[in-house]
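Residue numbers (the numbering used here), protein chains in the order written: chain A, 1 to 140; chain B, 141 to 280.
Heads up: the structure comes next, in structure tokens.
Number of protein chains: 2
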Amino acid sequence: MDNQDIRKAGLKVTLPRIKILGLLENNSQRHVSAEDVYKMLLDNGEEIGLATVYRVLTQFETAGLVTRHNFEGGHAVFELDRGGHHDHMVCVVCGKVEEFIDTTIEKRQREIAKEHGFEMVDHSLIIYGHCGNPKCKVGY
Amino acid sequence: MDNQDIRKAGLKVTLPRIKILGLLENNSQRHVSAEDVYKMLLDNGEEIGLATVYRVLTQFETAGLVTRHNFEGGHAVFELDRGGHHDHMVCVVCGKVEEFIDTTIEKRQREIAKEHGFEMVDHSLIIYGHCGNPKCKVGY
DNA sequence: CTTGCAATGAAAAAGATTCTCATCATCATT
DNA sequence: AATGATGATGAGAATCTTTTTCATTGCAAG
Ligand SMILES: [Mn+2]
Ligand SMILES: [Mn+2]
Ligand SMILES: [Zn+2]
Ligand SMILES: [Zn+2]
Numbered sequence: 001m002d003n004q005d006i007r008k009a010g011l012k013v014t015l016p017r018i019k020i021l022g023l024l025e026n027n028s029q030r031h032v033s034a035e036d037v038y039k040m041l042l043d044n045g046e047e048i049g050l051a052t053v054y055r056v057l058t059q060f061e062t063a064g065l066v067t068r069h070n071f072e073g074g075h076a077v078f079e080l081d082r083g084g085h086h087d088h089m090v091c092v093v094c095g096k097v098e099e100f101i102d103t104t105i106e107k108r109q110r111e112i113a114k115e116h117g118f119e120m121v122d123h124s125l126i127i128y129g130h131c132g133n134p135k136c137k138v139g140y
Numbered sequence: 141m142d143n144q145d146i147r148k149a150g151l152k153v154t155l156p157r158i159k160i161l162g163l164l165e166n167n168s169q170r171h172v173s174a175e176d177v178y179k180m181l182l183d184n185g186e187e188i189g190l191a192t193v194y195r196v197l198t199q200f201e202t203a204g205l206v207t208r209h210n211f212e213g214g215h216a217v218f219e220l221d222r223g224g225h226h227d228h229m230v231c232v233v234c235g236k237v238e239e240f241i242d243t244t245i246e247k248r249q250r251e252i253a254k255e256h257g258f259e260m261v262d263h264s265l266i267i268y269g270h271c272g273n274p275k276c277k278v279g280y
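Written out as structure tokens, the structure reads:
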């Protein structure tokens, strides 16, 4: 995942794009909003415009470099596309995100789509719950 | 599903609430946005404020009368809660929504959540694809 | 009927994302 | 390396969805 990926996407290799891709690669939390990316870069002393962050993330999505998720909360989160598809589990208390993939579910989805005459192109499966952290348990 | 349901939810039985509940019951499309509800009521010659529609839909959700979905597109859609849980399939071309429920997937979800130490409280599964309509097929 | 308190609606505010447009940077070509 | 065409940037305005404010209205308990 480097500048060549930007070039291959038909995009010019610019400083903002390098910075954003670098942050997505090195940041500890894999799932970040546009606002997150913007603030983190500013905190790192980098200069960038918020409009550019939104634009570049959308371009990266179109290019297949990142994936956009619509978790609850009204704002999109992005993550670097590291090959394999996976689904998500989100803690409704602390927001922790776990990733998982289940072949049984994946297969059934394709079957169900076909049964309804749909040609599946994508899907979104998000499990909401209380994570293992005691502070996130019901009735803490 | 009548005025008693509103009362049972601890809400006063007001005209706006009766109108919104009535529309959700009788409207042909089950999945509607707040804006949809607002415009449809206005079209029917009913008087109502947009803020009230948002407020009431959220109250109905809290009361378990309606369910909110975050499909792609940046705005929430609501549907009257008619007993059974189900998941959704959305046509990426025409927006048609099909409902389905699959016990295999439902069971696997609970298992997976547990495997990850999560106590599942909810989930969202949306399959995106091209529906059976020829005009929605790839390469029309 | 009275009356308290919840509910309404218009308008303002907030939050997320996109658009506009003048300026600037990249990169293929000289 | 210099040039130039074209794409990219960023500040701010605009847009879109949703929430909040607050003066006014209307349920519903007594
Ligand atoms: Mn992920
Ligand atoms: Mn439904
Ligand atoms: Zn948690
Ligand atoms: Zn369709």
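Don't be surprised by glycine CBs; every beta carbon is placed ideally from N, CA and C.
- Assignment of beta strand (DSSP E) within the segment 198-279 of chain B, counting only whole runs of 3 or more residues, yields 206-209, 217-220, 227-231, 237-240, 259-270 in chain order.
- Sorted by position in the chain, B:Glu219, B:Glu239 make up the residues whose C-beta lies under 5 angstroms from a heavy atom of ligand 2.
- Under the three-state reduction of DSSP, valine 172 (chain B) is assigned to strand.
- In the three-state reduction of the DSSP assignment, threonine 52 (chain A) falls in the helix class, which pools H, G and I.
- Here the alpha carbons of lysine 148 (chain B) and valine 121 (chain A) stand approximately 42 angstroms from one another.
- In the three-state DSSP reduction, valine 37 (chain A) falls in the helix class (H, G or I).
- In the three-state scheme derived from DSSP, where H, G and I count as helix and E and B as strand, lysine 12 (chain A) is classed as coil.
- In terms of side-chain proximity, the C-beta atom of valine 97 (chain A) is found no nearer than 6 angstroms to any non-hydrogen atom of ligand 3.
- Three or more Cβ pairs drawn from the segment 89-99 of chain A and the segment 121-134 of chain A lie within less than 8 angstroms of each other, which places the two stretches in contact.
- The distance from the Cβ of leucine 181 (chain B) to that of lysine 159 (chain B) is about 6 angstroms, consistent with a contact at the 8 angstroms cut-off.
- By alpha-carbon distance to leucine 205 (chain B), the top candidate from B:His215, B:Gly213, B:Glu219 is B:Glu219.
- Shown here, asparagine 184 (chain B) sits in coil according to DSSP, grouped into three states, outside any helix or strand.
- By the criterion of at least three beta-carbon pairs nearer than 8 angstroms, the segment 153-173 of chain B is in contact with the segment 210-224 of chain B.
- Under the three-state reduction of DSSP output, asparagine 26 (chain A) falls in the helix class.
- Below the 9 angstroms Cβ cutoff, chain A contributes no neighbours of histidine 209 (chain B), its closest Cβ being approximately 10 angstroms away.
- For glutamine 29 (chain A), the nearest beta carbon of chain B is not closer than 7 angstroms to its own beta carbon.
- Exclusion of the five residues before and after threonine 192 (chain B) leaves Pro156 as the residues of its chain whose Cβ lies within less than 7 angstroms of its Cβ.
- One alpha carbon belongs to proline 134 (chain A), the other to glycine 95 (chain A), and they sit about 14 angstroms apart.
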